[in-house]
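Mapping of the sequence shown onto the numbering used here: position 42 corresponds to residue 52, and the numbering continues sequentially without gaps. C-beta: ideal position from N, C-alpha, C; glycine also. Here the structure is a predicted model, which is why all the values come from computation and not from measurement.
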Amino acid sequence: MKEYKFGVDIDGVILDTYTPWLNILNNLRGTDYCILDVVDYDLKKVFGVPKKQICDMFSCIDDREIELMDPNCPQVIDKLRAEGFMIELITAHIPHVTYCQDDLLASLDKHKINYDRISFVELADHNAKGKLAHLFDYMVDDSSAQVNAMADETKAILYEAPYNIYKSTPKAWARVQTWSRLEHLLLGDILND
Ligand SMILES: [Mg+2]
Numbered sequence: 011m012k013e014y015k016f017g018v019d020i021d022g023v024i025l026d027t028y029t030p031w032l033n034i035l036n037n038l039r040g041t042d043y044c045i046l047d048v049v050d051y052d053l054k055k056v057f058g059v060p061k062k063q064i065c066d067m068f069s070c071i072d073d074r075e076i077e078l079m080d081p082n083c084p085q086v087i088d089k090l091r092a093e094g095f096m097i098e099l100i101t102a103h104i105p106h107v108t109y110c111q112d113d114l115l116a117s118l119d120k121h122k123i124n125y126d127r128i129s130f131v132e133l134a135d136h137n138a139k140g141k142l143a144h145l146f147d148y149m150v151d152d153s154s155a156q157v158n159a160m161a162d163e164t165k166a167i168l169y170e171a172p173y174n175i176y177k178s179t180p181k182a183w184a185r186v187q188t189w190s191r192l193e194h195l196l197l198g199d200i201l202n203d
C-alpha cells in the first residue's frame with residue numbers, strides 16, 4: 011500500500027483549546043464568550059487581555075475541559091491510517107507558554123487520537139510549518155498564515171474557524187469545516203493517484 015504523509019495541527023483542528031481558555035476568561039469577567047466570539051487569532055485585540063495573561067490563562071487550562079473540534083475526528087484519523095496515511099501531529103505547543111505538554115498528551119489519549127509521530131515547532135515562527143511542508147503530501151492547519159507558508163510545498167488545507175474564515179489563503183489546496191469533509195477530500199484524492 012502506498013504511504014501518504016499527513017501533517018496535522020492539533021489546537022483548533024483536533025482539540026478545541028479556545029473554549030476552556032474562554033471559560034477562564036468568563037469566570038474572571040462574568041461574561042459568556044464562546045468560540046464564535048474568537049474572530050481573530052489576536053486574543054489581545056479581541057478581548058483586551060494582555061499577552062502575558064493570555065499565556066498564563068492557557069497554562070491554567072485543565073485537560074479534562076479540552077474537547078474535540080469535531081467528534082468524528084478520532085474515527086476519521088483511524089480510517090485514514092488504515093488507508094495508508096502516516097499521521098504526524100505538528101504543534102506550536104510549548105510547555106510553560108501554552109497549556110502544559112502533559113495536558114496535551116493526556117487530552118489526545120483521552121479522546122483516543124491515534125497517531126504515528128508528534129513534532130513541536132516554534133510558536134512565534136509563522137513560517138515554522140512552511141519549513142517542514144516539503145516532507146508532507148498533505149497538511150491541515152487552522153492558521154491562515156501557516157497554510158499560506160505551506161502551500162508551495164504541499165497540499166495545504168485550512169481548517170475553518172470563526173477567526174480564519176475571512177482570511178485569504180490564495181494558494182490553499184482546500185478549506186474544510188469538518189473531519190468528514192477532510193476524509194472525503196483525502197480519500198477522493200488518493201483514488202486518482
Ligand atoms: Mg492551530
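Is residue i near ligand 1, with its Cβ less than 7 Å from a heavy atom?
{"i": "D17", "result": "One point to set straight first is that residue 17 is Gly, not Asp, in the sequence displayed. Flag unset: Cβ of G17 not near ligand 1."}
{"i": "G140", "result": "no"}
{"i": "V23", "result": "yes"}
{"i": "S153", "result": "yes"}
Anyone know if the C-beta pair for residue i and residue j falls short of 8 Å?
{"i": "Y169", "j": "D151", "result": "yes"}
{"i": "A102", "j": "L133", "result": "yes"}
{"i": "S154", "j": "K177", "result": "yes"}
{"i": "Y43", "j": "L35", "result": "yes"}
{"i": "I167", "j": "L192", "result": "yes"}
{"i": "N137", "j": "R91", "result": "no"}
{"i": "I100", "j": "D19", "result": "yes"}
{"i": "K122", "j": "P84", "result": "yes"}
{"i": "L78", "j": "L25", "result": "yes"}
{"i": "D50", "j": "V56", "result": "yes"}
Alpha carbons only, please: which of the options is nearest the one belonging to residue i?
{"i": "M11", "options": "M96, M79, D19", "result": "M96"}
{"i": "K165", "options": "V56, K177, V186", "result": "V186"}
{"i": "A184", "options": "V157, I200, L201", "result": "V157"}
{"i": "L130", "options": "K122, Q111, S117", "result": "With the sequence shown as reference, residue 130 is identified as Phe, and Leu is not the correct amino acid for it. Residue Q111 is the option with its Cα nearest to F130."}
{"i": "F16", "options": "K89, E98, T41, N33", "result": "E98"}
{"i": "A159", "options": "D147, A171, T179", "result": "T179"}
{"i": "H144", "options": "R127, D162, D135, I128", "result": "D162"}
Which residues in the same chain have their Cβ closer than 7 Å to the Cβ of residue i, if we skip the five residues on either side of it in sequence?
{"i": "G94", "result": "M11, K12, E13, Y14"}
{"i": "W4", "result": "Because the chain here runs from 11 to 203, residue 4 falls outside it and cannot be looked at."}
Report all residues from its chain with a CB closer than 6 Å to the CB of residue i; omit the five preceding and five following residues, and keep chain order.
{"i": "D29", "result": "Residue identity check: residue 29 is Thr in the sequence provided, not Asp. Closer than 6 Å at Cβ, skipping near neighbours: I45."}
{"i": "W189", "result": "D80, N82, C83, V86"}
* Asked: Which full runs of the beta strand (DSSP E) of 3+ residues lie inside the stretch 125-178, going along the chain?
  -> Within the stretch 125-178, the runs of beta strand (DSSP E) at least 3 residues long that lie entirely inside it are, in chain order, 127-130, 148-151, 165-169.
* **Entirely enclosed alpha helix (DSSP H) segments - the stretch 20-100, minimum 4 residues** => Given a length threshold of 4 residues, each whole run of the alpha helix (DSSP H) inside the stretch 20-100 is given here in chain order: 28-39, 53-57, 61-69, 83-92.
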